[in-house]
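Just so you know, the sequences run in chain order A and B.
No gaps in the numbering here: position 141 of the first sequence is 141 in the UniProt record's numbering, and each next residue is one more.
No gaps in the numbering here: position 104 of the second sequence is 104 in the UniProt record's numbering, and each next residue is one more.
We treat Cβ as the ideally placed atom computed from N, Cα and C, and that holds for glycine.
Before any comments, here is the structure.
Protein chains: 2
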Amino acid sequence: MPLPRSGPVRSEAARQAILQATADLLAERGYDALTIEGIAARAQVGKQTIYRWWPSKGAVIAECLLEGKILPGRLLVPDTGDIRHDLSQWLTTVFALLGEDQGETLLRSLVAAAAENADTGRRLRDSLTGSGSVAGRLRSAIGTAPNLTTDTPVDELAEALSGAVILRALSREPLREPDLVRLLDAVLGR
Amino acid sequence: MPLPRSGPVRSEAARQAILQATADLLAERGYDALTIEGIAARAQVGKQTIYRWWPSKGAVIAECLLEGKILPGRLLVPDTGDIRHDLSQWLTTVFALLGEDQGETLLRSLVAAAAENADTGRRLRDSLTGSGSVAGRLRSAIGTAPNLTTDTPVDELAEALSGAVILRALSREPLREPDLVRLLDAVLGR
Numbered sequence: 001m002p003l004p005r006s007g008p009v010r011s012e013a014a015r016q017a018i019l020q021a022t023a024d025l026l027a028e029r030g031y032d033a034l035t036i037e038g039i040a041a042r043a044q045v046g047k048q049t050i051y052r053w054w055p056s057k058g059a060v061i062a063e064c065l066l067e068g069k070i071l072p073g074r075l076l077v078p079d080t081g082d083i084r085h086d087l088s089q090w091l092t093t094v095f096a097l098l099g100e101d102q103g104e105t106l107l108r109s110l111v112a113a114a115a116e117n118a119d120t121g122r123r124l125r126d127s128l129t130g131s132g133s134v135a136g137r138l139r140s141a142i143g144t145a146p147n148l149t150t151d152t153p154v155d156e157l158a159e160a161l162s163g164a165v166i167l168r169a170l171s172r173e174p175l176r177e178p179d180l181v182r183l184l185d186a187v188l189g190r
Numbered sequence: 001m002p003l004p005r006s007g008p009v010r011s012e013a014a015r016q017a018i019l020q021a022t023a024d025l026l027a028e029r030g031y032d033a034l035t036i037e038g039i040a041a042r043a044q045v046g047k048q049t050i051y052r053w054w055p056s057k058g059a060v061i062a063e064c065l066l067e068g069k070i071l072p073g074r075l076l077v078p079d080t081g082d083i084r085h086d087l088s089q090w091l092t093t094v095f096a097l098l099g100e101d102q103g104e105t106l107l108r109s110l111v112a113a114a115a116e117n118a119d120t121g122r123r124l125r126d127s128l129t130g131s132g133s134v135a136g137r138l139r140s141a142i143g144t145a146p147n148l149t150t151d152t153p154v155d156e157l158a159e160a161l162s163g164a165v166i167l168r169a170l171s172r173e174p175l176r177e178p179d180l181v182r183l184l185d186a187v188l189g190r
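Rendered as structure tokens:
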């Protein structure tokens, strides 16, 4: 006999409904038209349910991004076996996104939410360490490139590369091809 | 005969008065008590004068930080001739600041303001390239360390190191001594 639905189970269902409603509304109407009221109506929850978990619309969007509900898969680092090629591909994808109005708004709202909310900030950094992340890809590349050995501080390398991306996104500077090469030189060595 | 005071001259005086009032009020009352109304009253300008140049209190604080009106000199990279020692000292200072309530709030409000305001974002990145900055110090160290040659992409190295600091500040993680060593290993090589 199935157990009766408990509080935490209902909460997780509501959380998922809120994130899905946010992702759907963003795709349909864009960032500026997105409101907590609109999300609540679409997810069929009260506004207070949203505010219980997130302080702002930016924080909900940040969680969608970190859970892959928005831009699913587009921020993963590919793995072709060639680390320099894969990071180059990842940087190209990220900066192509930053070149789109919607992508720029989303990624900057993630940074703003992380600045305002400690939990979002921690999750942003955690998202850099798993598989499919920059650190995960660097880890799997140990031994395949001259500068990547078991002694290489891969988490800090990933932090440096991702941090450079954040800083450049904040400056609204595009990453041109020579910049990309120099950034990879700086992080992976020449 | 002195020229009559022109518009731009009066504007610069007002701008300086606003930045000084912001720095003074922050020191006296702290971040939470700081309001645009309070800044306007102290600087003897109208609120609209402030909003003409800055969209939010965070943006005014960001400009104070970038002009050295807040924490003057504390964010400069020292120059003792030993680049690794100097960057280690700088990182220690920055993370000591992030360990203080006020410092953490200030530096995170700078990142939030940069996320929200393109001009602040550009100035944040520009602040990393001058003398006394990470890039400036790396540039003056070319030839003094095995991994710093005229071919080294110093601007990108500075971007990576500063970006790592921003990312770690967003995650509210302290930088312990072993992390600091690994981060410098990642950026300067071992």
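- Query: Buried or exposed: where does residue 80(B) fall if 16 or more other Cβ atoms within 10 Å of its Cβ makes it buried?
  - Reply: In the assembly as shown, residue 80(B) is an exposed residue. Its beta-carbon has fewer than 16 other beta-carbons within 10 Å.
- Message: Any contact between the region 139 to 157 of chain A and the region 179 to 186 of chain B? By contact I mean 3 or more CB pairs, one from each, below 8 Å.
- Response: Segments in contact, yes.
- For a contact meaning CB atoms closer than 9 Å, what does residue 71(A) contact in chain B? Simply none; closest approach about 17 Å.
- Message: Can you check whether the C-beta of residue 63(A) is within less than 8 Å of a C-beta belonging to chain B?
- Response: Residue-level contact check: residue 63(A) does not touch chain B, since none of the beta carbons of chain B fall below 8 Å from its beta carbon.
- Cβ of residue 171(A) within 8 Å of any chain B Cβ: At least one chain B Cβ lies under 8 Å of residue 171(A).
- Item | Residues near residue 89(B) by beta carbon distance below 7 Å, same chain, minus five either side | Same-chain partners within the cutoff: 78.
- Message: Can you tell me where the alpha helix (DSSP H) holding residue 94(B) begins and where it ends?
- Response: 83 to 99 is the span of the alpha helix (DSSP H), which, as asked, contains residue 94(B).
- Query: Apart from the five residues on each side of it in sequence, which residues of its chain come closer than 7 Å, Cβ to Cβ, to residue 150(B)?
  - Reply: The answer, listed in chain order, is 142.
- Query: Which residues in the same chain have their Cβ closer than 6 Å to the Cβ of residue 60(B), if we skip the five residues on either side of it in sequence?
  - Reply: Closer than 6 Å at the Cβ level, and outside the excluded window around residue 60(B), lie 22, 54.
- Taking 8 Å as the CB-CB limit, is residue 146(B) close to chain A? False, the Cβ-Cβ gap to chain A never drops below 8 Å.
- Message: Would you call the region 103 to 113 of chain A in contact with the region 111 to 126 of chain B, where contact means no fewer than 3 C-beta pairs closer than 8 Å?
- Response: Segments in contact, yes.
- Message: Please confirm whether residue 143(A) has its beta-carbon closer than 8 Å to some beta-carbon of chain B.
- Response: Taking a beta-carbon distance threshold of 8 Å, residue 143(A) does not count as an interface residue toward chain B.
- Task: Answer yes or no: does any C-beta atom of chain A fall closer than 8 Å to that of residue 185(B)?
- Result: Interface residue, yes.
- Where residue 69(B) falls: helix, strand or coil (DSSP): Reduced to three states, the DSSP call for residue 69(B) is coil.
- Identify which residue in 20(B), 97(B), 164(B) has its Cα closest to the Cα of residue 42(B). Ranking 20(B), 97(B), 164(B) by Cα distance to residue 42(B) puts 20(B) first.
- Message: When you compare the region 121 to 137 of chain B with the region 93 to 104 of chain B, are there three or more beta-carbon pairs, one atom per stretch, that lie closer than 8 Å?
- Response: Output reads no: the region 93 to 104 of chain B does not touch the region 121 to 137 of chain B.
- So, residue 44(B) versus residue 17(B), is the Cβ gap smaller than 8 Å? Contact check for residue 44(B) against residue 17(B) passes: the beta carbons are separated by less than 8 Å.
- Item | Uninterrupted alpha helix (DSSP H) stretches inside the region 9 to 49 of chain B (no shorter than 4 residues) | Taken in chain order, the complete alpha helix (DSSP H) segments of 4 residues or longer contained in the region 9 to 49 of chain B are 36 to 43.
- What do you reckon, are the CB atoms on residue 171(A) and residue 176(B) nearer than 8 Å? The answer is no: Cβ separation not under 8 Å.
- Could you check where the alpha helix (DSSP H) with residue 178(A) kicks off and where it finishes? Run containing residue 178(A): 177 to 188, per the alpha helix (DSSP H) assignment.
- Item | Reduced DSSP secondary structure (H/G/I, E/B, other) of residue 116(B) | Reduced to three states, the DSSP call for residue 116(B) is helix.
- Query: Do you know whose CA, among 51(B), 106(B), 66(B), lies nearest residue 26(B)'s CA?
  - Reply: Comparing alpha-carbon positions, the option among 51(B), 106(B), 66(B) lying closest to residue 26(B) turns out to be 106(B).
- Query: Counting contacts by CB-CB distance shorter than 8 Å, is residue 111(B) in contact with chain C?
  - Reply: Looking at the structure shown, chain C is missing, and the protein chains on hand are A and B.
- Query: How far does the alpha helix (DSSP H) with residue 155(B) in it reach, from first residue to last?
  - Reply: Counting along the chain, the alpha helix (DSSP H) containing residue 155(B) begins and ends at 154 to 170.
- Message: Using a Cβ-Cβ cutoff of 8 Å, what residues of the region 153 to 164 of chain A are near chain B? List them in chain order.
- Response: Per Cβ criterion, the list reads 153, 155, 156, 157, 159, 160, 161, 162, 163, 164.
- Message: So that I know if they touch, is there some Cβ in chain B lying closer than 8 Å to that of residue 125(A)?
- Response: Closer than 8 Å: yes.
- Of the residues 122(A), 188(A), 104(A), which one's Cα is nearest the Cα of residue 173(B)? Among 122(A), 188(A), 104(A), the Cα nearest to that of residue 173(B) belongs to 122(A).
- Item | Interface partners of residue 175(B) on chain A, CB under 9 Å | Residues of chain A passing the Cβ test: none, with the nearest at roughly 10 Å.
- Message: Can you give me the C-alpha to C-alpha distance between residue 58(A) and residue 144(B), rounded to a whole angstrom?
- Response: Each residue's Cα considered, the two are about 45 Å apart.
- Query: Going by Cα to Cα distance, which pick from 104(A), 108(A), 188(A), 63(A) is closest to residue 139(A)?
  - Reply: Residue 139(A) has its Cα closest to that of 188(A), out of 104(A), 108(A), 188(A), 63(A).
- Would a C-beta distance cut-off of 8 Å place residue 163(B) and residue 167(A) closer than the cut-off? One thing to note: residue 163(B) has its Cβ within 8 Å of the Cβ of residue 167(A).
- Item | CA-to-CA distance, residue 179(A) to residue 135(B), given in whole angstroms | Each residue's Cα considered, the two are about 15 Å apart.
- Message: With H, G and I counted as helix, E and B as strand and the rest as coil, what does DSSP make of residue 142(B)?
- Response: Residue 142(B): coil per DSSP, three-state reduction.
- Message: Please identify the residue among 30(A), 50(A), 97(A) whose C-alpha is closest to the C-alpha of residue 13(A).
- Response: When only C-alpha atoms are compared, the closest one is 50(A).
- chain B within 8 Å of residue 166(A), Cβ atoms only: In terms of beta-carbon proximity, residue 166(A) lines the interface with chain B, with at least one pair separated by less than 8 Å.
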